[in-house]
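Asker: Quick one: this structure, given as structure tokens, is what I'll be asking you about.
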Amino acid sequence: MIIAERKPLEEIAAMAAPYKRVCVLGCNTCVAVCMAGGQKEAEETATLLRIHRKKENVDGEVEVFSIERQCEFEMIDEVLEKLKSYDVIVSLACGVGVQTIVEHVPSLRVLPGLNTTSMGYPTEQGVWKERCLGCGDCVLDLTMGICPITRCAKSILNGPCGGSAEGKCELGKDVDCAWHLIHERLSAFGRLSDLEEIQPPKDWSKSHHGGGARTSVREDVRIDRG
Amino acid sequence: MIAGSKLEKTINSGQFVVTGELGPPKGADLTQLKHHAEGMRNHVEAYNITDNQTAIVRTSSIACGATLVQMGLEPIIQIVVRDRNRICIQSDVLGAHALGVKNILCLAGDHQKFGNEPGSKGVFDIDSMQLLKGLKDLRDEKKFMGGEELNGELSYFLGAVENPFADPFEYRVDRLEKKIKAGASFIQTQCIFDLDRFERWMEMVCERGLHKKVAILGGVTPIKSLGAARYMKNNVSGITIPDELIERMTGAEKKKEEGLKIAIETIQRLKEIEGVAGVHIMAIAWEEVIPEIVERAGLYPRPKV
Ligand code: SF4
Numbered sequence: 185m186i187i188a189e190r191k192p193l194e195e196i197a198a199m200a201a202p203y204k205r206v207c208v209l210g211c212n213t214c215v216a217v218c219m220a221g222g223q224k225e226a227e228e229t230a231t232l233l234r235i236h237r238k239k240e241n242v243d244g245e246v247e248v249f250s251i252e253r254q255c256e257f258e259m260i261d262e263v264l265e266k267l268k269s270y271d272v273i274v275s276l277a278c279g280v281g282v283q284t285i286v287e288h289v290p291s292l293r294v295l296p297g298l299n300t301t302s303m304g305y306p307t308e309q310g311v312w313k314e315r316c317l318g319c320g321d322c323v324l325d326l327t328m329g330i331c332p333i334t335r336c337a338k339s340i341l342n343g344p345c346g347g348s349a350e351g352k353c354e355l356g357k358d359v360d361c362a363w364h365l366i367h368e369r370l371s372a373f374g375r376l377s378d379l380e381e382i383q384p385p386k387d388w389s390k391s392h393h394g395g396g397a398r399t400s401v402r403e404d405v406r407i408d409r410g
Numbered sequence: 029m030i031a032g033s034k035l036e037k038t039i040n041s042g043q044f045v046v047t048g049e050l051g052p053p054k055g056a057d058l059t060q061l062k063h064h065a066e067g068m069r070n071h072v073e074a075y076n077i078t079d080n081q082t083a084i085v086r087t088s089s090i091a092c093g094a095t096l097v098q099m100g101l102e103p104i105i106q107i108v109v110r111d112r113n114r115i116c117i118q119s120d121v122l123g124a125h126a127l128g129v130k131n132i133l134c135l136a137g138d139h140q141k142f143g144n145e146p147g148s149k150g151v152f153d154i155d156s157m158q159l160l161k162g163l164k165d166l167r168d169e170k171k172f173m174g175g176e177e178l179n180g181e182l183s184y185f186l187g188a189v190e191n192p193f194a195d196p197f198e199y200r201v202d203r204l205e206k207k208i209k210a211g212a213s214f215i216q217t218q219c220i221f222d223l224d225r226f227e228r229w230m231e232m233v234c235e236r237g238l239h240k241k242v243a244i245l246g247g248v249t250p251i252k253s254l255g256a257a258r259y260m261k262n263n264v265s266g267i268t269i270p271d272e273l274i275e276r277m278t279g280a281e282k283k284k285e286e287g288l289k290i291a292i293e294t295i296q297r298l299k300e301i302e303g304v305a306g307v308h309i310m311a312i313a314w315e316e317v318i319p320e321i322v323e324r325a326g327l328y329p330r331p332k333v
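Listed in order, the protein sequences are those of chains A and B.
Here the first sequence is numbered in my numbering, starting from 185 and rising by one per residue.
Here the second sequence is numbered in my numbering, starting from 29 and rising by one per residue.
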């Protein structure tokens, strides 16, 4: 899922200050699971924003509601009229949600209430870890299901490097060395000799780094509008 | 003979090799660098020129290397994959070659998080293994990493680093073998303080006959002070400093002299270890001491090749 964190309240308040009718719009899928932008967090944010605006003598009202997914045109359509009644929408969706609304309804003004950080999952209550960079060319078969592109600080394909110590990355003792984990798993499955092969340079053109914003097309599921 | 560098010739002659390290300045005045280089002219075969070491912005290693070439000295240009993609690295290698650089050392580089531009974007387009293999193929197959043909010839001597003190320990010999396969003709190791561990590593290296395929230069760093020793022990990843060494430094009256003695003893022990082809002396911010170490370790005068 997509992981995000709410922006500091002061930042949100400053962005929203010029607007009278403000809507804090929650998103009830990924960011609800990571407790950053679901209905509950949207309500909290709206309440805090109201208090903040009152203290700063900012006129106007702050309302709140949420939809299932801000990243789908159809779901935005369901609340379109309501959305149009506000001067600004503080979206508590990930960056995708913000942009979906703007692309679908260019007349709306939408502000980001969250900082989108990564794709990953919770490893324990309150801890979310990044696990995929969306590089467009998955190598998890080679690396026993542990992604070095995401989890190795240098995204190396021929690890572990010389900075790996006691299972930790040179970045710090709180960061697992991804290649140490890969080495352990390869060893457990009797596949250590896999590491002998020199993995060639990665084709980054499939990733954002080399290709810019990517478009995925599935001709078989497209609807022929002609 | 691949590049005909003094480093390569000395290695091939079978004599014990000495290389030293020079860190470019955080400014464009190379007076000090030249002074240090001059000071060890007769004490080392070649000089490693670090590439924005510890992710601190410094004069480029190629510019400093070219300066040494002008002085009639031999640089080993370090190239890290942190700051440049494959386009830039290959271009820089061509440039370095054109300027007379004959030795290249391939490495990953310390993460930018620890440097003076922590907000920078790490490149890591390729890793150090791919860099080594790519530069070997560029030289031997005359092919760029992308597959296009190189115009003309290139001849440089390629090296890599290995850290016998990193984990998993058993993997460190596999990794050395992989680096040899990728194209390393010489290896410089991380600074050696834990000689017992280094010996165990070298035993495994020799068991596999790898010391015959690559020249292994043991990394030696003289410790300048107790604080420096403690700092390295606690903060520098990939370096192990045994407690006895800290105790020895603590007990010593003249810390600098003790640090020098330890370095000299280390070199003397390295000379006795099977498969060690030489030493690489990294006297960080203490370059002027290298000639003294070389002399006191009985490595002076240097062989003529
Ligand atoms: S220590 Fe491990 S995770 Fe960190 S950069 Fe090296 S290989 Fe990657």
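No residue lacks a Cβ here, since even glycine has one placed at the ideal position from N, Cα and C.
1) Between which two residues does the beta strand (DSSP E) containing V248(A) stretch?
2) I want to verify the contact list: residues of chain A whose CB lies under 7 Å from the CB of P329(B), in sequence order.
3) Please list the terminal residues of the continuous beta strand (DSSP E) segment that includes A188(B).
4) Do you know how far the Cα of P332(A) is from the Cα of W388(A)?
5) Going by DSSP in three states, D360(A) sits in which element: helix, strand or coil?
6) State the start and end residues of the unbroken beta strand (DSSP E) segment that holds S302(A).
7) Who are the Cβ neighbours of M68(B) in its own chain at under 7 Å, not counting the five residues just before and after it?
8) Which whole-angstrom value describes the C-beta separation of A188(A) and N299(A), a residue pair presumed to lie in contact below a C-beta threshold of 8 Å?
9) Since L276(A) and V217(A) are thought to touch, with beta carbons under 8 Å apart, how far apart are those beta carbons, to the nearest angstrom?
10) Return helix, strand or coil for N40(B), following the three-state DSSP convention.
11) What is the chain-ordered set of residues for which the beta carbon lies under 5 Å from any non-hydrogen atom of the ligand SF4?
12) Would you check if the distance between the CB atom of V248(B) and the CB atom of A291(B) is smaller than 8 Å?
13) If I measure Cβ to Cβ from D221(B) and keep anything under 6 Å in the same chain, skipping five residues before and after, which residues do I get?
14) When Cβ atoms are compared, which residues of the stretch 326-348 of chain A fall closer than 8 Å to chain B?
15) Compute the Euclidean distance between the alpha carbons of R205(A) and R369(A), then round it to the nearest angstrom.
16) Could you confirm whether any beta carbon from chain A is found closer than 8 Å to the beta carbon of N191(B)?
17) Can you pull the chain A residues whose beta carbon is under 8 Å from the beta carbon of H308(B), in chain order?
18) Is C211(A) helix, strand or coil when you go by DSSP?
19) For the beta strand (DSSP E) holding E314(A), just list the boundary residues, first then last.
20) Am I right that S156(B) and A136(B) are in contact with their C-beta atoms under 8 Å? What's the rounded C-beta distance?
21) Assuming E380(A) contacts K206(B) (C-beta within less than 8 Å), just tell me the rounded distance between them.
22) With a CB to CB cut of under 7 Å and the five nearest residues on each side skipped, what residues in its chain are close to K171(B)?
23) Tell me, please, whether the CB atom of D222(B) is closer than 8 Å to any CB atom in chain A?
24) Grouping DSSP H, G and I as helix and E and B as strand, with all else coil, what is L135(B)?
25) Once DSSP output is grouped into helix, strand and coil, what is the label at F257(A)?
Answerer: This is what the structure gives:
1) Here residue 248(A) corresponds to residue number 64 of the first sequence, with the count starting at 1. Here the beta strand (DSSP E) through V248(A) covers 245-251.
2) Residue mapping note: residue 329(B) aligns to position 301 of the second sequence, counting from 1. Simply none; closest approach about 33 Å.
3) In the second sequence, residue 188(B) corresponds to position 160, counting from 1. Taken as a continuous stretch (DSSP letters only), the beta strand (DSSP E) holding A188(B) covers 185-190.
4) Here residue 388(A) corresponds to residue number 204 of the first sequence, with the count starting at 1. Here residue 332(A) corresponds to residue number 148 of the first sequence, with the count starting at 1. Using only the alpha carbons, I get a separation of about 14 Å.
5) On the first sequence, position 176 is the one that residue 360(A) refers to. In this structure, D360(A) counts as strand in the three-state DSSP scheme.
6) The sequence position of residue 302(A) within the first sequence is 118, counting from 1. First-last of the beta strand (DSSP E) with S302(A): 298-308.
7) Position 40 of the second sequence holds residue 68(B). The answer, listed in chain order, is G48, I318, P319.
8) On the first sequence, residue 188(A) is found 4 positions in, with the first residue counted as 1. On the first sequence, residue 299(A) is found 115 positions in, with the first residue counted as 1. That pair is a contact at about 6 Å.
9) Working through the first sequence from its first residue, we reach residue 276(A) at position 92. Working through the first sequence from its first residue, we reach residue 217(A) at position 33. 13 Å between Cβ atoms; not a contact.
10) Residue numbering aside, residue 40(B) sits at position 12 when the second sequence is read from its first letter. Here N40(B) sits in helix by DSSP.
11) C336(A), A337(A), K338(A), G343(A), P344(A), C345(A), G347(A), S348(A), C353(A), E354(A), C361(A), A362(A), W363(A)
12) Here the question's residue 248(B) lines up with position 220 in the second sequence. Here the question's residue 291(B) lines up with position 263 in the second sequence. Yes, the pair counts as a contact, with Cβ atoms nearer than the cut-off.
13) Mapped onto the second sequence, residue 221(B) falls at position 193. The sequence shown places Phe at residue 221(B), not Asp. So the qualifying residues of the chain are I269, L273.
14) A337, K338, S339, I340, L341, N342, G343, P344, C345, G346, G347, S348
15) Position 21 of the first sequence holds residue 205(A). Position 185 of the first sequence holds residue 369(A). If I take the Cα positions, the gap works out to 55 Å.
16) The count along the second sequence starts at 1 and reaches residue 191(B) at position 163. Interface residue, yes.
17) Here residue 308(B) corresponds to residue number 280 of the second sequence, with the count starting at 1. None at all; the shortest Cβ gap to chain A is about 14 Å.
18) Position 27 of the first sequence, counted from the first residue, corresponds to residue 211(A). Looking at C211(A) - three-state DSSP - the assignment turns out to be strand.
19) As a first step, residue 314(A) is located in the first sequence; it is residue number 130 there, counting from the start. From DSSP, the beta strand (DSSP E) with E314(A) extends over 311-316.
20) Against the second sequence, residue 156(B) aligns to sequence position 128. Against the second sequence, residue 136(B) aligns to sequence position 108. Contact flag correct, Cβ pair sits at about 4 Å.
21) Residue mapping note: residue 380(A) aligns to position 196 of the first sequence, counting from 1. Residue mapping note: residue 206(B) aligns to position 178 of the second sequence, counting from 1. Yes, they are in contact, since the Cβ atoms of E380(A) and K206(B) sit about 6 Å apart, within 8 Å.
22) Taking the first residue of the second sequence as position 1, residue 171(B) is located at position 143. Excluding sequence neighbours, K171(B) sits near D165, E177, L178.
23) Looking up residue 222(B) in the second sequence gives position 194. So, not an interface residue.
24) In the second sequence, residue 135(B) corresponds to position 107, counting from 1. Strand, per DSSP.
25) For the purposes of this step, residue 257(A) is identified with residue 73 of the first sequence, where counting begins at 1. Helix at F257(A).
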